[in-house]
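S.K.: This is the structure I want to talk about, given as structure tokens.
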Amino acid sequence: MENGEINLINLAQHFSDEEKAREFVEKLRWPDGPVCPHCGVVNNAYRLMPTDSKKGKHVRPGVWKCGGCREQFTVTVGTIFEDSHIPLSKWLLAYHLLCASKKGMSAHQLHRMLKVTYRSAWFMAHRIRYTMTQEPLSLKLEGIIEIDDTWIGGRLRRGRTREEAQENRRNRVANKASVVSVLQGGGRVQSMHVQRVTAENLKPIVEQMVAEDAHVMTDSANALVGALKPRKHDRVNHNAGEYARYEEGVCITTNSVEGFFGLLKRGINGVYHHVGQQHLHRYLSEFDYRYNSRKETDSMRTVHALQSTTGKRLMLRDSRLPN
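Under UniProt numbering, think of the first position of the sequence shown as 1, with each following residue one higher.
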């Protein structure tokens, strides 16, 4: 592959063949030789060659046999691809499309481009988002931290009666989900869906993610005040038209996390249109992953996502469960 870069041209030219796609995944997953998923022995396996028999091919392509435990395996065992009937070449295309599209790509679009059923495309996208899930922070975030919340979702349908219409106007967020994001200045962001934005709900999040000597910046909402102590805390008053100010050479603002919310909402509203609350956490993982790898090329972002497929399985019944 030219320059080792993953793009649509290279994927179409080099990975339209299933064997080449499988060899690429093998090199990506096993840089030091095949690893047996059953006993963990490295580079002590040999490839079984397909042979013809009366019933057809005796061994399907891509099967390895471990020299230690004598078990057979393929490169997809123990990954998000295991037991999938969708060709690896289409999986590679799906990964690249989701990683390279700044605001995401709908399952309907994947269904049309990859020539798979909508049900398959929907499940593929959810499995890809599952591999994009960030691991828990090994260290708490330090320095300047921006924390903010937003609402995700559309408006309620217009009521059929005057009473229903009045109730919908009174409760404008009944059809929306609250999302809280913690963003380190110039660094990573982590978002989570919370049922209610209260100090009681936010305090465990802050304690887990934000160092006590961090400088936290929020808007004028009061929910975070009790959750941030004893951390240094500055606020900007959006209601008064204030979005940034300088104090002792430090810019007090939440513009970075607001910019992330802009990407998130344009993707949810413009590409996905509707996101069920039971699936919202997976979409947040997708947008967090792309934002945190924003300084990487589309090729490296795709490679890193593919390297996260090991040890992760998501069954269809599990993908329908609430978070």
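Virtual Cβ for every residue (Gly too), placed ideally from N, Cα, C.
1. Could you give the first and the last residue of the continuous alpha helix (DSSP H) run that contains Lys265?
2. Quick one: is Pro34 buried, meaning 16 or more other Cβ sit within 10 Å of its Cβ, or exposed?
3. Can you list, in chain order, the residues of its chain with a C-beta nearer than 8 Å to that of Gln195? Leave out the 5 residues immediately preceding and following it.
4. With DSSP as the reference, identify every bridge partner of Gln65, one or two as the case may be.
5. What is the rounded straight-line gap between the Cα of Arg245 and the Cα of His215?
6. Skipping 5 residues on each side, what residues in its chain have a beta carbon closer than 6 Å to that of Ala12?
7. For Arg232, which beta-bridge partners are listed by DSSP?
8. In the DSSP assignment, find the alpha helix (DSSP H) that holds Met132 and state where it starts and stops.
9. Give the C-beta separation of Val182 and Ile147 to the nearest angstrom, bearing in mind that I take them to be a contact with Cβ-Cβ under 8 Å.
10. Please tell me whether Ile80 and Thr131 are closer than 8 Å, where the distance is taken between their beta carbons.
11. With H, G and I counted as helix, E and B as strand and the rest as coil, what does DSSP make of Pro322?
12. Determine, for Cys39, whether the minimum Cβ-Cβ distance to residues of chain C falls below 8 Å.
13. Look at the Cβ atom of Ala100, then the Cβ atom of Asp234, and state whether they are nearer than 8 Å.
14. What separation, rounded to the nearest whole angstrom, lies between the Cα atoms of Leu280 and Val25?
M.R.: In short, the structure shows the following:
1. Asn255 to Gly267
2. buried
3. Ser178 and Asn201
4. According to the sequence displayed, residue 65 carries Lys and not Gln. BP columns for Lys65 point to Tyr46 and Gln72.
5. 15 Å
6. none
7. Rather than Arg, the amino acid found at residue 232 in this sequence is Lys. Paired residues: His215.
8. Taken as a continuous stretch (DSSP letters only), Met132 belongs to no alpha helix (DSSP H), as it is neither H nor E.
9. 5 Å
10. yes
11. Bear in mind that a pLDDT of 41 at Pro322, under 50, signals an unreliable position, so the number given afterwards is only what the model happens to contain. In this structure, Pro322 counts as coil in the three-state DSSP scheme.
12. The chain labelled as chain C is not found in the depicted structure, where only one protein chain is given.
13. no
14. 29 Å
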